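Let me begin by presenting the structure, written as structure tokens, before commenting on it.
Residue numbers (my numbering): 147 to 721.
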């Protein structure tokens, strides 16, 4: 039993006298393991993100070993790592990692398990029919138009149609909407239906928008003349091109440009071609067919002036007309960080950086709520001056320019840390030497009961840390990387209170003087303190492994017996 630890003294005597020696018996404790999962037993991560669980060993002697496995017995995915300290890390998740994972901690005294659940969400993928990537949808007045939008994601996204107005405001439209699909049906299209329509898929992981343009052509007359067409009168040999509408054609980066050169009149044998007016080469992904210039996957270097030229059967250029192409970039967003866990009162900041055509307007709003009054929005940055528990949630950064808009979602988790009368101010700083063992104490107020949890500020507990008592944390073979602030949190009926201990790790002296004894923690003491039945080293190493022998001498015809070890010292060595 542990109570049998201590120093045992052997005494031998005969007619010649008495002699003693001693031995120290150490009894190793045995304690079954106990674990807790950090930061929580369930986590949700967006596809492509990362996550980790730590299986913290909070009790167990000897120190238990923690290992992870899938509950269903399947092997761990290739992008999952097991790290020291009972940590399992998921890198760039794809979806197949979703499920339950079991942590098993065991030692000679028993074993225990804890189950963690990982849920993976995916941002909606939106598909519009007819295909919006092939260019505008061109219809005649009076025809029927059916726009169908589908979205896939996890959780299942909601889908909605909206119409884009000038200034990039949106009008709601009467579309048939169900989960994952929305249909907008125009039975008889008119000129008033012409414009840009936006389909948005939204779920807890974020939102995705796709757009489609409807171009309504007149049912009779010059229905072949589009806003982005050049009308050429082929009956004139001078052939001055006539620009119909605005002479600037705008297309977003990655979109498709379609510029038409339409020949009217009776003259035949004229070949229509397209060139860049500055003499440069046409973009690589281009096609010229029937006087139409198609540019696909348009990039910024495609911007410039394009000329439609008419060439006679003799190879002579007889006319030309110009059209300017502007390549515009809708906003693209980058959030830093996308997810963070903070404590009440922390100064928290989320940065939203937008690229694209300037000027870009950035606004913030809280999903399912309004921005807290103490929040400051500054140049795309969302700043919390002393965040509160009620401020937790998802915050949306919305960017808009003359081309389009984009949104990105950041999540803020606020861990409640109410301070109540549960801990008392004790020793806030402890200095130890490399390689030594240290015990950190959580000083509880009188009468306080509850669950005690140890953690490390801005990091994980070292693998060599384990609880030796309800309110104590022991670290063995301390290294410089173990330095830092250790937090003790007590949760009971009255709430939660916390205390901290700052651990400083020092380098031990290389050697002590020739007349000094070096304790295990590096402390140097006089040789006379070694085995003097008094503890002088902080780590008690000066009284370990001592051999005590005594010579006897006669005093007035009798033997003088040596003094036995003092009971107080034995008690101190036990602890």
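Even glycine gets a Cβ: it sits at the ideal position worked out from N, Cα and C.
Note that this is a predicted model, so its numbers are computed, not measured.
DSSP state of residue i mapped onto helix, strand, coil
i           : result
residue 629 : coil
residue 535 : helix
residue 155 : strand
residue 448 : helix
residue 160 : strand
residue 703 : Note that residue 703 scores 40 on pLDDT, short of 50, meaning its location in the model is unreliable; the coordinates nonetheless yield the value given after this. It is coil, neither helix nor strand.
residue 685 : coil
residue 397 : strand
residue 576 : strand
residue 569 : Note that residue 569 has pLDDT 42, beneath the 50 cutoff, so the model's placement of it is unreliable and the number below is only indicative. Residue 569: strand per DSSP, three-state reduction.
residue 346 : strand
residue 587 : strand
residue 383 : With a pLDDT of only 31 at residue 383, under 50, the local geometry of the prediction cannot be trusted, and the value read off the model is given with reservation. Correct three-state label for residue 383: coil.
residue 622 : coil
residue 679 : coil
residue 529 : strand
residue 459 : coil
residue 601 : strand
residue 708 : At residue 708, the pLDDT of 41 sits below 50, so the modelled position is not reliable and the matter cannot be decided from this model.
residue 664 : strand
residue 337 : helix
residue 644 : strand
residue 177 : strand
residue 315 : In this predicted model, residue 315 has a pLDDT of only 48, less than 50, meaning its place in the structure is not dependable; the value taken from the coordinates is given anyway. Residue state, collapsed to three classes: coil.
For residue i, the first and last residue of its enclosing beta strand (DSSP E)
i           : result
residue 267 : 256-275
residue 220 : Neither: residue 220 is in no beta strand (DSSP E) and is coded neither H nor E.
residue 168 : 163-171
residue 250 : 245-253
residue 300 : 291-300
residue 285 : 283-286
residue 672 : 670-672
residue 431 : Residue 431 -> no beta strand (DSSP E), and no H or E assigned at all.
residue 331 : 327-332
residue 416 : Note, residue 416: premise wrong, no beta strand (DSSP E); not H, not E.
residue 493 : 493-501
residue 240 : Per DSSP, residue 240 belongs to no beta strand (DSSP E) and is neither H nor E.
residue 554 : 551-560
residue 309 : 304-310
residue 358 : 352-363
residue 234 : 233-236
residue 521 : 521-524
residue 439 : 438-441
Residue(s) in a DSSP beta bridge with residue i
i           : result
residue 453 : 421 and 468
residue 616 : BP columns for residue 616 are empty, so no partner.
residue 202 : 182
residue 608 : In DSSP, residue 608 forms no bridge with anything.
residue 190 : 265
residue 507 : 546
residue 224 : Per DSSP, none; premise fails for residue 224.
residue 197 : 236
residue 486 : 558
residue 649 : 576 and 630
Short Cβ contact (9 angstroms threshold) for residue i with residue j
i           : j           : result
residue 487 : residue 397 : no
residue 503 : residue 459 : no
residue 546 : residue 446 : no
residue 394 : residue 472 : yes
residue 268 : residue 308 : no
residue 585 : residue 620 : yes
residue 282 : residue 358 : yes
residue 216 : residue 189 : no
residue 214 : residue 248 : yes
residue 530 : residue 492 : yes
residue 305 : residue 347 : yes
residue 354 : residue 297 : yes
residue 329 : residue 400 : no
residue 538 : residue 560 : yes
residue 289 : residue 265 : no
residue 403 : residue 286 : no
residue 177 : residue 272 : no
residue 627 : residue 635 : no
residue 558 : residue 480 : no
Beta carbon proximity, residue i to chain C, threshold 9 angstroms
i           : result
residue 461 : Absent from the structure: chain C. Only one protein chain is present.
Exercise. Should the stretch 245-264 be called in touch with the stretch 195-207, which here means at least 3 C-beta pairs below 8 angstroms?
Worked result: yes
For this session: Decide yes or no for the touch test of the stretch 228-238 against the stretch 150-162: beta carbon pairs closer than 8 angstroms, at least 3 of them.
Result: no
Exercise. Does the stretch 521-529 come close enough to the stretch 445-456 to have 3 or more Cβ pairs within less than 8 angstroms?
Worked result: no
Exercise. Any chance the stretch 596-614 sits against the stretch 659-676, with 3 or more Cβ pairs inside 8 angstroms?
Worked result: no
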